[in-house]
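Quick note, the sequence shown lines up with residues 44 to 322 if you use this note's numbering. A virtual CB, placed ideally from N, CA and C, is assigned to each residue, including glycine. Bear in mind the structure is a predicted one, so any value in this text is a computation, not a measurement. Notes for the one structure printed next.
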Amino acid sequence: MAILPIFSCDKKIALKISLTYAVIALCWIFFSDQLLLLLARDPQELTKLQSIKGWFFVFFTALLLFFLFQKEIRKQLVIEILLRKNEARLNKTERIAGVGSWELDVGKNKLWWSDETYRLFGFTKGDVSKLFEKFKQSIHPEDKHIFAEMINRAIQEGAPLKIDYRIVLPNGDIRYLHEESQAVYDEALRQVTKRTGSVQDITQQKKLEESREALITELQKSLAEIKALKGILPLCSHCKKIRDAKGNWEDVDVYIYKHSEADISHSICPDCLKTHYPE
């Protein structure tokens with residue numbers, strides 16, 4: 044499980060600048076006072092130098108803070124540019140692969156989606172505060188119960204989850220999705236605070252599976268109908284041949300072999316044995 048950072052990036056920057064300023068200010072106060080005692084013994088001269096030192100301290104610290112903030116701002120701009128480039132690459136990769144990513148804040152029920160996830164659900168980027176409710180409403184009515192049960196269990200246990208479910212797109216079409224997610228555990232709070240995951244469109248795969256199953260069922264049904272002997276069979280009262288659907292007369296054993304799954308073996312009954320072979 045992933046561990047969330049204790050401090051945010053903004054807090055780290057503020058702490059860094061504050062500590063830098065405090066160290067320089069303390070060093071300035073200590074060493075500047077020692078230097079003034081060496082340069083001046085007269086109280087009036089010392090007071091004048093103290094004022095000059097104070098003005099110089101204000102100017103120096105203002106300049107120092109300017110450069111510190113400018114340095115950190117530049118760093119943040121570089122980081123932001125890199126993040127935007129990485130996000131653009133991620134969106135492009137997800138679009139090609141047809142896989143979207145998401146993150147759920149468990150406590151706040153706040154949901155974040157990548158661009159590809161929006162596309163898979165047929166949504167446009169808008170009011171993110173209503174995204175979680177829109178997501179729940181999009182799940183197919185027949186899948187809502189099992190989906191809610193599995194996701195709640197995964198959140199409570201902090202366990203990974205793999206699930207296939209259907210959603211209803213805004214235009215009414217049905218889309219099959221495969222979703223995988225895992226928990227993000229906060230060591231400080233000792234609980235799962237987030238879940239991150241991916242979602243993939245498997246509609247074509249499901250349709251192919253359904254078509255295959257339907258074809259197999261149809262073939263089995265057709266085979267059963269072909270192999271079954273149904274209805275009235277015209278039978279010659281003299282030669283005992285059977286007339287097929289095309290009007291051809293065939294021996295009984297040949298007809299049965301063609302139209303059933305039974306194998307024919309020739310034998311003789313007791314009555315025929317006495318009649319034809321009396322001895």
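Hey, Leu154 and Leu163: beta-carbon distance below 7 Å or not? Counting from one through the sequence shown, the residue named residue 154 turns up at place 111. Counting from one through the sequence shown, the residue named residue 163 turns up at place 120. Taking 7 Å as the Cβ cut-off, Leu154 and Leu163 do not qualify as a contacting pair.
Locate the alpha helix (DSSP H) running through Ser181, then write down its first and last residues. Reading the sequence shown from its first residue, position 138 is the one you call residue 181. Its alpha helix (DSSP H) spans residues Leu174 to Ser181.
Alpha carbon to alpha carbon, how far is Ile189 from Ile259? In the sequence shown, counting from the first residue as 1, residue 189 sits at position 146. In the sequence shown, counting from the first residue as 1, residue 259 sits at position 216. In this structure, the alpha-carbon of Ile189 lies about 28 Å from that of Ile259.
Helix, strand or coil at Ile307 [DSSP, three-state]: Here residue 307 corresponds to residue number 264 of the sequence shown, with the count starting at 1. Under the three-state reduction of DSSP, Ile307 is assigned to coil, being neither helix nor strand.
Straight-line gap, Pro213 to Phe175 (C-alpha atoms, nearest Å): Indexing the sequence shown from 1 puts residue 213 at position 170. Indexing the sequence shown from 1 puts residue 175 at position 132. If you take the alpha carbons of Pro213 and Phe175, they lie about 15 Å apart.
What is the residue span of the beta strand (DSSP E) that Ala226 lies within? Translated into positions along the sequence shown, residue 226 becomes position 183. Looking at the DSSP string, the run of the beta strand (DSSP E) that includes Ala226 is Ile217 to Asp229.
Where Tyr64 falls: helix, strand or coil (DSSP): Stepping through the sequence shown from its first residue, residue 64 is reached at position 21. In the structure shown, Tyr64 sits in a helix (DSSP, three-state: H, G or I).
Would you give the residue range spanned by the alpha helix (DSSP H) that Thr318 belongs to? On the sequence shown, residue 318 is found 275 positions in, with the first residue counted as 1. Counting along the chain, the alpha helix (DSSP H) containing Thr318 begins and ends at Pro313 to His319.
Using C-beta distances below 6 Å, list every residue in its chain close to Ile292, excluding the 5 sequence neighbours before and after it, in chain order. By one-based count along the sequence shown, residue 292 stands at place 249. Contrary to the premise, residue 292 reads as Trp rather than Ile in this sequence. These residues qualify, in order along the chain: Lys284 and Arg286.
What is the DSSP secondary structure of Leu212, reduced to helix, strand or coil? Stepping through the sequence shown from its first residue, residue 212 is reached at position 169. It is coil, neither helix nor strand.
Just mark Gly143 as buried or exposed, buried being the case when its beta carbon has 16 or more other beta carbons within 10 Å. Against the sequence shown, residue 143 aligns to sequence position 100. The residue is buried, with at least 16 neighbouring Cβ atoms inside 10 Å.
Anticipated Cβ contact below 8 Å, Lys168 with Tyr161, distance rounded: Reading the sequence shown from its first residue, position 125 is the one you call residue 168. Reading the sequence shown from its first residue, position 118 is the one you call residue 161. Lys168 to Tyr161, Cβ: 6 Å. Contact.
Please list the terminal residues of the continuous alpha helix (DSSP H) segment that includes Phe196. By one-based count along the sequence shown, residue 196 stands at place 153. The question names Phe, but residue 196 in the sequence shown is Arg. Residues Lys187 to Glu200.
Are there three or more Cβ pairs, one per stretch, closer than 8 Å when the region 105 to 122 is compared with the region 63 to 76? yes
Measure the Cβ-Cβ separation of Val149 and Ile194 and say whether it is below 7 Å. For the purposes of this step, residue 149 is taken as residue 106 along the sequence shown, with counting starting at 1. For the purposes of this step, residue 194 is taken as residue 151 along the sequence shown, with counting starting at 1. No, Cβ-Cβ distance for Val149 and Ile194 is not below 7 Å.
Which stretch, first to last residue, makes up the beta strand (DSSP E) that contains Arg238? Here residue 238 refers to the residue found at position 195 when the sequence shown is read from its first residue. Residues Gln234 to Asp244.
Using the beta-carbon count (16 or more within 10 Å), is Trp145 buried or exposed? By 1-based counting over the sequence shown, the position of residue 145 is 102. Classification of Trp145: buried, given that the 10 Å Cβ count is 16 or more.
Using three-state DSSP, classify Ile49 as helix, strand or coil. As a first step, residue 49 must be located in the sequence shown, where it is residue number 6. Only weak support is given to the placement of Ile49: the predicted model assigns it a pLDDT of 35, under 50, and the value that follows is read from those uncertain coordinates. Reduced to three states, the DSSP call for Ile49 is coil.
Contact between the region 176 to 188 and the region 233 to 248 is defined here as three or more beta-carbon pairs at a separation below 8 Å; is this criterion met? no
Relative to the C-alpha of Cys282, which residue among His221, Thr239, Gly290 and Val295 is closest? Counting from 1 along the sequence shown, the entry for residue 282 is found at position 239. Here the closest residue by C-alpha is Val295.
Identify, in the order they occur along the chain, each residue of the same chain with its Cβ nearer than 6 Å to the Cβ of Pro277, setting aside the five sequence neighbours on each side. Position 234 of the sequence shown, counted from the first residue, corresponds to residue 277. Taken in chain order, the residues that qualify are Arg286.
Are the Cβ atoms of Lys59 and Ser75 separated by less than 7 Å? The residue given as residue 59 occupies position 16 in the sequence shown. The residue given as residue 75 occupies position 32 in the sequence shown. No; because the gap between Cβ atoms is not below 7 Å, this pair is not in contact.
Does the beta-carbon distance from Lys205 to Glu192 come in below 7 Å? Sequence index remark: in the sequence shown, residue 205 carries index 162 (1-based). Sequence index remark: in the sequence shown, residue 192 carries index 149 (1-based). 7 Å or more divides the Cβ of Lys205 from the Cβ of Glu192.
With 16 other Cβ atoms within 10 Å as the buried cut-off, status of Leu251: As a working note, residue 251 is residue 208 in the sequence shown. Leu251 should be labelled exposed.
For Trp98, count neighbouring C-beta atoms within 10 Å of its own C-beta (all shown protein chains included) and say buried if the count is 16 or more, exposed if not. Start at 1 with the first residue of the sequence shown, and residue 98 comes out as number 55. Trp98 is exposed by the Cβ-count criterion.
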